[in-house]
Every structure is written in C-alpha cells, then in structure tokens.
Amino acid sequence: MTEKLVTVKNRAGIHARPAALIVQTAGKFKSKIFFKSEDEEINAKSIMGIITLGASYNSSIQITAEGEDEEDAVEALAQLFEKRFEEE
Amino acid sequence: MKSFTVLDLLNLDMQEQNELDLRCLGGRPGLARSITVPDLNRPGLALSGFFDNFGYERIQVFGRGETAYLNKLADQQEFENIERFFSVEVPCVVFTHGLQPTKEFFAEAERTQCPVLQTGLSSSEFAARVIRALTNIFAPTRTLHGVLVEVFGIGILLLGDSGVGKSETALELVERGHRLVADDAVEISCVAGDILIGSGANKVLGHHMEIRGLGIINVTHLFGVGAIRDQKKVQLVIELELWEPEKTYDRIGADERYQEILGVQVPYLEIPVKAGRNIPIIIETAAMNERLKQMGYYSAREFNQSVLKWLETENARARYFQDRDPMSYDDLTSR
C-alpha cells in the first residue's frame, strides 16, 4: 500500500472540474485508490464521492492506493494537486 | 466522526416532539466547545462541594432544584464551588423551565467562556429529547461506496466496483417507479442497536447521480419528488460483479448469506452482471423475495420441501406396488 498526504492548493477547492480530472486519472490505474479526509474515506474513481468530500482550499487529503501500479497512481494524483488542477 | 460542538446542538433542526427549544444566554466564545459524550449531568452534588466523579464532560443541566440552590448560594455570598465548577471545562450549562442563572454564576460563566443555554422545556423532557437526539448523532457511522435505493419498500444497498453499473441500475429502477436514496457515497449509521439507516453522505449535494456519458444529473428535477427519499433502512445488500465463468454462483438460494455492516448482519446477495442480464428486474425480484421472507415464506426452502415430499410419496408408491408382486408398477399404469 502506498500513501501520500496532499494539500488542496487551488483557491476554489475540489469542485466538479478538478473532480473529473481526478477520476479520469485514477481510472487509468488498476489499483484501488482511496481519498481520506478527517473521518471520511471515499473511492477516488467515483466523481460524486470526491465532490462529496467537500475539500476546500488548504484542506489536506490522504491518498492511499493498493494494487500493482499503486506507486504510479499515487504519484500521478499527487501531481494533479501539485499543479493546482491547472487552475489559479 | 467530526466533532459536535455546542453550536451544532443549538442549530439542531428538530421538530415538534423533538424540538429542543434552546437559546444562548451568554458565554458565546465557548460555543465552539465540543460535546464528546451523549449524556447529561445534574450538577447538584458539585454545587454543594462534592467533586468526586464529577461528570464534567457532560452537558450540565440546571433544573429548579439546582437553580434554587444557586440562589441560596448567592444569598449566602458563597461562590467557591461555582468557581471550582467552572475551573474544569464543561461543554455547556443548560437552564430548564426557562430559568435564569444568578448574576454571579453568569459572570463566572462569561469569564471562563462557558456557554449558558436556556430551554423552555422541563428537565425530564429536555433530558429525554436531548439524549434521543445525541444518541442518533453519536451512533456508529460508516460511509460506503455504493448506491442506496428503495424497491417495493425494501432498502437495498448496491455495492460493486467502479464501472460495474450501479448508478445505471439505480437509474433504471427509478425509471420503473422506485426511489433513490443516495448515489455513490452512502452514509450508514447504526441506531437502536440493530437498525441500519442509510442516507446521502452529503445533504448539500442532494439527489444527484453520475451516469457515464451523460455526466451529473439531478434525479429530483428529472423524475420528481416521488423518485427520491432522504433516508431508508438498509434491509438487503446486493453486490454486483462482473460474471466470472469459473466462479460458482448460488443456484438454489436456500442458504441465507449475510454481510456485516457496523456489527449488524444484513441479508446479502451476489449478482453476476453480463450483457443480456436485466439487472433491475433481478433486483426487483430480489426485493419481492425479501418481502416474502420477512412474511415467513422462503421460496427456495418451500420448493425443496415439496420436492422432498414428492420424492417420498413416489418412493412409497413404488414400494407399495413392488410388494404386490407379480403385478408390477408399469402394468398398473399402462392399463
């Protein structure tokens, strides 16, 4: 299992568009990928789940992945957060 | 669970028989204090100076007795116990019967930033209502990835990997007149010991669904309020999975299988998905079958019973005719 803690760096937080980006990226990997914030854990391949997290600016999310390509998956998702989902 | 603050308690939107009728008199900065146990304390003993086993982490309820005692302390100008009372961090104090705290008590509460609330209810009624509300809030809760629908009155939780078709199945069920409770993130809480109540994990998002190729749709607007429900008891868990040819699936259904959620055993079915299988109809049938079971009629078992009975009579007949040799069974029937 690979884990990484990331921070939401874009001002608007995770709304529909970043959520779609996350789901598309997560969907490319075979691993089971989960996002954890506070007490909630949701499947990173489900767009409604990610929006439901209500991750706003500066909140942190723990990405966990389990499977054959877990390291690449976590890295690719962390990159998205790092690049602020190509937003401000 | 997220921490439940005194402000959340004030904001609880309970109706009629559950209304808490709370207002804040003072100590507002302390509204951010969190309530950690779903319990109350009557601080009579503490006020009289006995602080052993003082339940400071509970909501402190001041009824007529405690308030009368506060007035007596004020008359005697004794405030040591009140200071000691506020030296530990109690979540909040509540005055019932619409009673007012004494001036000194109130000042001390303001100084230590402890919220002072007031309710018009009697102490016993307030205690019953607040415990009822807090028990639900503090109930063990889990968020699951799945879809919760109500089919023929049975709450069915659909589970399965991403892309197996949970949302599409739910959409078809809604189209067929059943109800959507929650899509994708289902929050399940265990109340009253063995009842699982499921609802959408996020009330703000309402009844939206994601359908591949369509995007996000609003079920309420598309299908009307009759197509949705806010919460529903989880009575059946159905796991959808892609058909694996090597795997053996239940062909009889006489054995009950269960899935454990928050310590509660829920009937569980595994339904394989492949092209040409109409999953919504299978789910409707499963729901009706579940209702039959709740009425005490188990299709698979009753069927097996009648097969056994039939075999037994056949056996008895064959033996009867065998005994009456030389006339064989075949001769008799061919006549």
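Line by line, the protein sequences give chains E and Y. Numbering follows the working numbering, with no gaps: position 8 of the first sequence is 107. Numbering follows the working numbering, with no gaps: position 295 of the second sequence is 311. Ideal Cβ positions, reconstructed from N, Cα and C, are used throughout, including at glycine.
#1: Specify the secondary structure class of Pro45 of chain Y as computed by DSSP and reduced to three states.
#2: Going along chain E, which residues have a C-beta under 8 angstroms from Ser377 of chain Y?
#3: Counting only beta-carbon separations shorter than 8 angstroms, does Asn234 of chain Y have a partner in chain E?
#4: Note down, in chain order, all residues in the segment 104 to 132 of chain E with a beta-carbon under 8 angstroms from any beta-carbon belonging to chain Y.
#5: I'd like to know if Ile150 of chain E contacts chain Y, where contact means its C-beta is closer than 8 angstroms to some C-beta of that chain.
#6: For my contact list, Leu221 of chain Y and Ile150 of chain E are in at a C-beta cut-off of 8 angstroms; report their separation, rounded to the angstrom.
#7: Can you tell me which of the three DSSP states Phe78 of chain Y falls into?
#8: Can you name, in chain order, every residue of its own chain whose Cβ lies under 6 angstroms from the Cβ of Phe154 of chain Y, other than the five neighbours on each side?
#9: Taking Leu38 of chain Y as the query, report the chain E residues whose CB atoms sit under 7 angstroms from its CB, ordered along the chain.
#10: Mapping DSSP to helix, strand and coil, what is Glu300 of chain Y?
#11: Where does Asp151 of chain Y sit, in a helix, a strand or coil, going by DSSP?
#12: Would you be able to state if there are at least three C-beta pairs under 8 angstroms between the segment 22 to 35 of chain Y and the segment 155 to 171 of chain E?
#13: Roughly how many whole angstroms lie between the Cα atoms of Ile254 of chain Y and Lys248 of chain Y?
#14: Span of the alpha helix (DSSP H) holding His237 of chain Y?
#15: Which residues of chain Y have a Cβ atom closer than 7 angstroms to the Cβ of Gly153 of chain E, listed in chain order?
#16: Taking the Cβ atom as the reference point for each residue, do Glu226 of chain Y and Ser215 of chain Y lie within a distance shorter than 8 angstroms?
#17: Only counting the same chain, and skipping five residues up and downstream in sequence, which positions put a Cβ closer than 8 angstroms to that of Ile298 of chain Y?
#18: Please classify His237 of chain Y as buried or exposed, where buried requires at least 16 other C-beta atoms within 10 Å of its C-beta.
#19: Suppose the cutoff is 6 angstroms on Cβ atoms and the five residues either side in sequence are ignored; what does the same chain contact list for Gly231 of chain Y look like?
#20: Assuming Ser145 of chain E contacts Val107 of chain E under a Cβ cut-off of 8 angstroms, what Cβ separation, rounded to an integer in Å, is found between them?
#21: Suppose you measure from the CA of Gly162 of chain Y to the CA of Leu256 of chain Y; what does that come to, to the nearest Å?
#22: Give the interface partners of Glu226 of chain Y over in chain E, defined as CB-CB distance under 7 angstroms, in chain order.
#23: Between the alpha carbons of Leu160 of chain Y and Leu175 of chain Y, how many angstroms are there, rounded?
#24: Can you tell me where the beta strand (DSSP E) with Glu169 of chain E in it begins and where it stops?
#25: Distance, Cα to Cα, Val241 of chain Y vs Asn218 of chain Y?
#26: My assumption, with CB atoms under 8 angstroms, is that Asn57 of chain Y sits in contact with Gly71 of chain Y. Please give the rounded CB distance.
#27: Would Glu167 of chain E count as contacting chain Y if we go by Cβ distances under 8 angstroms?
#28: Give the list of continuous beta strand (DSSP E) stretches no shorter than 3 residues that lie fully inside the segment 206 to 259 of chain Y.
#29: His161 of chain Y touches chain E at which residues, Cβ-Cβ below 7 angstroms?
#30: Helix, strand or coil for Ile113 of chain E, going by three-state DSSP, please let me know.
#31: Here's a check: name, in chain order, each residue in its chain whose Cβ is nearer than 7 angstroms to the Cβ of Ile244 of chain Y, leaving out the five neighbours to either side.
#32: Along the segment 186 to 203 of chain Y, what residues have a CB closer than 8 angstroms to any CB found in chain E?
#33: In terms of alpha-carbon separation, which member of Y:Leu28, Y:Gln275, Y:Gly312 and Y:Tyr314 lies closest to Arg145 of chain Y?
#34: Could you name the residues that DSSP lists as bridge partners for Thr106 of chain E?
#35: Helix, strand or coil for Ser145 of chain E, going by three-state DSSP, please let me know.
Once the coordinates are examined:
#1: helix
#2: This structure leaves residue 377 of chain Y out entirely; chain Y is present only between 17 and 351.
#3: no
#4: Ala115 and Gly126
#5: yes
#6: 7 angstroms
#7: strand
#8: Pro54
#9: None at all; the shortest Cβ gap to chain E is about 26 angstroms.
#10: helix
#11: With the sequence shown as reference, residue 151 of chain Y is identified as Thr, and Asp is not the correct amino acid for it. Looking at Thr151 of chain Y - three-state DSSP - the assignment turns out to be helix.
#12: no
#13: 15 angstroms
#14: Val235 to Phe239
#15: Asn218
#16: no
#17: Ile287
#18: exposed
#19: none
#20: Not quite, the Cβ-Cβ distance comes to about 18 angstroms (not below 8 angstroms), so this is no contact.
#21: 10 angstroms
#22: Ile146 and Met147
#23: 8 angstroms
#24: It is not in any beta strand (DSSP E) - Glu169 of chain E instead sits in the alpha helix (DSSP H) that spans Glu169 to Glu181.
#25: 18 angstroms
#26: 4 angstroms
#27: no
#28: 211 to 216, 224 to 227, 231 to 234, 247 to 249 and 252 to 258
#29: Ile141, Asn142, Ser145 and Gly148
#30: coil
#31: Arg195, Leu196, His223, Val235 and Thr236
#32: Asp199, Asp200 and Ala201
#33: Y:Leu28
#34: E:Ser159
#35: coil
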